[in-house]
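The sequence shown begins at 44 in the numbering used here and counts up one residue at a time. For every residue, glycine included, the Cβ atom is placed at its ideal position computed from N, Cα and C. Computed from a prediction, not measured in an experiment: that's the story for all the values here. See below for the structure under consideration.
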Amino acid sequence: MTKLYLSDLHIGNGSKKDDFRYDNELIKILEDLNEESNNELYIVGDGFEILQSYENNGKINDVNEIIKNIDFNYILSEIENNHSALIKTFRKYSQKNTIHYIVGNHDYYLLFDEKIKNRFKDFLGKKIEIHPYYYDDKWELFIIHGNQFDALNRLTLTKSGKILPPYGEIMEKFISKYFDSEVLKVLPDEILMDYDNIEPKMDIFLWLEEIRKKYSIGLDLEYKWIDMFVQFVRSKESKEWLKTNYPLMHIFSYLFINKIGGIKFGENLVRVISSLRGAKKTNYLMENVKKYYTKIELYLKNIA
């Protein structure tokens, strides 16, 4: 019996932000697995880019309202149109084998509406099981996407029973609505794809600086993004999330809201955070590994 675990495929609707380009490779894997029986495929969160495919006005702060307004059939049809051979392979695979679909922070909608859940099952295949998490008794494995442990990517339940989307989702929708259209339209399409994949978002300044140098553009991308970020922090959606999750610390957000120097303060604060992160960039582990292996190679050459 074979168990395959795949996470963060982010198979999208063919838009500029859909960067899944491995249809043929995944088809080959599924076809090889399908030659045997009783296999299990675990898609461990964000398998399909439902969030990214959902267009709105940039203001979202209620999961139930999103579900009411989302055109789920249209999103799935767009995904299928752009990845038709892959979707057919999923369906063929699921005729003999089980697909366990564990939701993540980009497809959590599947947990909140039975019609959406059943529609997704019909879309993906025959033997589909959807879970918030999964525990394998036989193998003693606890399988979860992990966004539940990330403050910016987990759902929030307010005292009134309202479910707030992840802060990262609220921010992405708000900023991208303006930043993407006003700034990235002057850059190649693949830049938008790169921008969307920067995590954590505080590292965006390193990326923006490189892009500005590479394309020799006069526009201050860093300042433009900061301006959008500060506007987002001042938004009603951001304030509600901060007040719910950090009732004491959210008071500091009023420094952004203050029209007298608020934008400038926000700019300086974000730049300070960015400079501090520069001392320990998110790829520091990879860089340490490179240095380690370089030392090993030199040592082996010396003793050879």
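- Inter-residue distance for Lys169 and Leu129 is about 15 Å (C-alpha atoms, whole angstroms).
- When the five nearest sequence neighbours on each side are left out, no beta carbon in the same chain lies closer than 6 Å to the beta carbon of Trp182.
- In the DSSP annotation of this structure, the continuous segment of the beta strand (DSSP E) that includes Glu83 starts and ends at Glu83 to Val87.
- Restricting attention to Tyr178, Leu69, Phe272 and Trp250, the CA atom closest to the CA of Leu52 is found in Leu69.
- The C-alpha of Ile159 is placed about 28 Å away from the C-alpha of Ile72.
- A Cβ-Cβ distance of about 5 Å is found for the pair Ile110 and Asp156, placing them in contact under the 8 Å criterion.
- Ile173 is not a Cβ neighbour of His126, given a cutoff of 8 Å.
- Looking at Ser259, Leu285, Ile142 and Asn124, the one whose alpha-carbon comes closest to that of Tyr210 is Leu285.
- Pairing Ile186 with Val87 gives a Cβ-Cβ distance under 8 Å.
- Contact annotation: Ile142 and Leu84 have beta-carbon atoms nearer than 8 Å.
- Taking a 10 Å sphere around the C-beta of Lys257, we find fewer than 16 other C-beta atoms and assign the residue as exposed.
- Close CB contacts of Arg134 within its chain, under the 8 Å cut and outside five residues either way in sequence, are with Leu167, Gly168 and Lys169 (chain order).
- If you keep only unbroken alpha helix (DSSP H) runs of at least 4 residues inside the stretch 124 to 204, you get 127 to 136 and 157 to 167.
- Setting aside the 5 residues that flank it on each side, Asp61 is surrounded in the same chain by Gly55, each with a C-beta closer than 6 Å to its C-beta; the list follows chain order.
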